[in-house]
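Here the sequence shown stands for residues 19 to 514, numbered as in my numbering.
The beta-carbon is built from N, C-alpha and C at its ideal position, and this holds for glycine as well.
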Amino acid sequence: MNKSKLSVSIGLASLATLPVTAQEQRDKELPERPNVIVLLADDIGWGDLSPYGTSGVQTPAVEELAQRGTRFTDAHCVAATSTPSRYSLLTGHYAWKREDTGVASGDAPMIIHPEQYTVADLFREAGYTTGAIGKWHLGLGDNPSGQDWNQKLSPNPQDLGFDYSYIMAATADRVPCVWIENGQVVNYDPSSPIFVSYKHNFPGEPTGQDHPELLYNLKPSHGHDQSIINGISRIGYMKGGGRALWKDELIADSIEHHAVDFIRQNKERPFFLYLCTNDIHVPRFPKEEYRTSELGLRGDALLQFDGTVRTVLDELERLGLRENTLIILTSDNGGVLDDGYDDKAMELAEGRHRVCGPFRGGKYSLFEGGTRVPFIVSLPGVVPEGEVVDHLVSHIDLLRSMASLLGVTLSPVAAPDSRDQLSTWLNRGGTGRELMVEQGLGTTIALRYGKYKFIPPVKHPTKHAWQTGIETGQDSIPQLYDLSTDPGETHNLLAK
Ligand code: NG6
Ligand code: CA
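Structure below.
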């Protein structure tokens, strides 16, 4: 055998398979206008997805994303509930500074003022096509005492910088249970006009409280006993809707289909997609093919979430867009087991699954479980792959970090609380925030300063969030924890 030939071919083969080092990825120039997808889960806790290690379910698509990107362990949404969390993410303005940004009802008017600068405005001005698909929960229309669902709703996401929107107004547990596309109810049924009230029922309409026998899909465990849609009682009263009413088991499909359509339609130009799953918010009622987990409906909803991630990754791959698409996967608040429906989440997780990993509290909480969420960033070849980073990261920095990505200089009044953290988010040398504010139930706040966590006292603490069993973290005495030695926030150091 010709030795020299052999060595040459070995040399070439090993060259071809030589892994690109993290440093080489960091040194690579940023692509000029990558597509950007913010994939925002609902109520998925720090420990819910298998890359975070504690999961009682496997989420292989999320794992693949983590392997093709960087996973953060100390990343936070701004607030421990949806509306303030999403408000802050999109505007770069801390929601606790505005009293009217609490969990919105289904008929709340638009909470983000159209004159406020949003991350969608940023992308639109930079020449991107922008879309919002899935859960919205930031209000629609302008009537403070409820909206007319039989007309085009204005303002809607199109007034906030989104070219396209296909959304649910609030949450799946709040009426109205219909899809809204660019401000108009989808499949509007003129024979069944829509009426919504958060004050009183409409004569003759059954509620979960009066007619539990009609709850053929899911029963409440607490609250959620008003209007019945699709065999599930909700928060709020609704009449009509007819063929426009959604089926809970098809919500994820509907979100996926619209996301795939949006990506296909924009495959030739840069796009920004704010893609918000309904999974795994209550009522958890995923489609049949996902009902295989050992954790019941909550675990099944996690599998369905992973299915959505799979669909998006496959579509990007198929269109040849994967290498040029920045994906940020995260959640709007921490995890919760029993959030008001009898889905046995609590019983089935016992001893098997820790929704917030080692952290105390959960959704609604000032403890770390409230806002410390999964956060995975992937842009193949640019964001180091397979790395895990412990720097402090907050959703509040999305807007200014994206401005930095696009090379846009913003006026100081835009996104006032947001900072450029791009080099941390892309794991290209940044070391994260030193200081950060976390919001719990209502407008209560806590402060992170490096490894320290300070929770100021409140006069009348609410110790637990409804009947979820979750500790809110509120107390009448100040609390100080050292998270480096006490991630579970059990030793109050303040006396020392
Ligand atoms: C609470 C609901 C809860 C959930 C939450 C908002 C009751 C008893 N509980 O009021 O089920 O909807 O609001 O969740 O009604 S969030 O993720 O959208 O913030
Ligand atoms: Ca949520």
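query	result
By Cβ distance below 8 angstroms, which residues in the same chain neighbour Leu233 in space, the five residues on each side in sequence not counted?	Gly226, Ile246, Gly249, Ile250, Ser251
With a threshold of 8 angstroms on Cβ separation, who are the neighbours of Ser27 within its own chain once the five nearest residues in sequence on each side are excluded?	The pLDDT assigned to Ser27 is 38, lower than 50, so where the model puts this residue is not dependable, and the model offers no usable value.
Select from Thr88, Tyr467, Asp66 the residue whose C-alpha is nearest the C-alpha of Ala367.	Asp66
In chain order, what residues of the same chain have a beta carbon less than 7 angstroms from the beta carbon of Pro474, not counting five sequence neighbours either side?	Pro496
With a threshold of 7 angstroms, establish whether the CB of Asp60 neighbours any heavy atom of ligand 2.	yes
Where Glu217 and Asn235 are concerned, what is the direct C-alpha to C-alpha distance, given to the nearest angstrom?	Rather than Glu, the amino acid found at residue 217 in this sequence is Lys. Taking the straight line joining both Cα atoms gives about 25 angstroms.
Enumerate in chain order the residues of its own chain whose CB-to-CB distance from Val300 is below 6 angstroms, with the five nearest sequence positions on each side excluded.	Asp191, Asp357, Gly358, Tyr359
Ligand 4 and Trp484: does the residue's C-beta get closer than 7 angstroms to at least one heavy atom of that ligand?	Ligand 4 is not part of the structure shown, which contains ligand 1 and ligand 2 as its ligands.
Look at the alpha carbon of Ser22 and the alpha carbon of Ala319, and state the distance between them as a whole number of angstroms.	With a pLDDT of only 38 at Ser22, under 50, the local geometry of the prediction cannot be trusted, and the value read off the model is given with reservation. Going from the Cα of Ser22 to the Cα of Ala319 covers about 57 angstroms.
When you compare the segment 419-433 with the segment 369-383, are there three or more beta-carbon pairs, one atom per stretch, that lie closer than 8 angstroms?	no
Among all the DSSP beta bridges, which residues are the ones paired with Pro238?	Tyr359
Using DSSP's beta-bridge definition, name the partner residues of Arg466.	Met454, Lys471
Comparing C-alpha positions only, which one of Gln492, Tyr308, His155, Ile394 sits nearest to Lys477?	Gln492
Here's the rule: buried if 16 or more other CB atoms are within 10 angstroms of the residue's CB, otherwise exposed. What is Thr503?	exposed
Once the 5 residues before and after Leu512 are set aside, which same chain residues still bring their CB inside 8 angstroms of it?	Ile495, Pro496, Gln497, Leu498
Is the CB-CB distance between Trp197 and Tyr184 below 8 angstroms?	yes
Just to confirm my understanding: we take Asn20, look at its own chain, exclude 5 residues before and 5 after, and list those with CB closer than 8 angstroms. What are they?	Reliability fails at Asn20, whose pLDDT of 39 lies under 50, so the model's placement of it is uncertain and no value is given.
So, does the segment 49-65 touch the segment 335-352, judging by three or more C-beta pairs under 8 angstroms?	yes
Take Val401 and list the residues in its own chain whose beta-carbon comes closer than 6 angstroms to its own, dropping the five residues that flank it on each side.	Gly87, Thr88, Val395, Leu444, Asn445
Roughly how many whole angstroms lie between the Cα atoms of Arg316 and Pro430?	42 angstroms
Give the secondary structure of Glu489 by DSSP, where H, G and I count as helix, E and B as strand, and everything else as coil.	strand
Quick test of your reading: Val354 and Gly254, contact by CB under 8 angstroms. State the CB separation rounded to the nearest angstrom.	Going by Cβ atoms, the distance from Val354 to Gly254 rounds to 20 angstroms, so no, they are not a contact pair.
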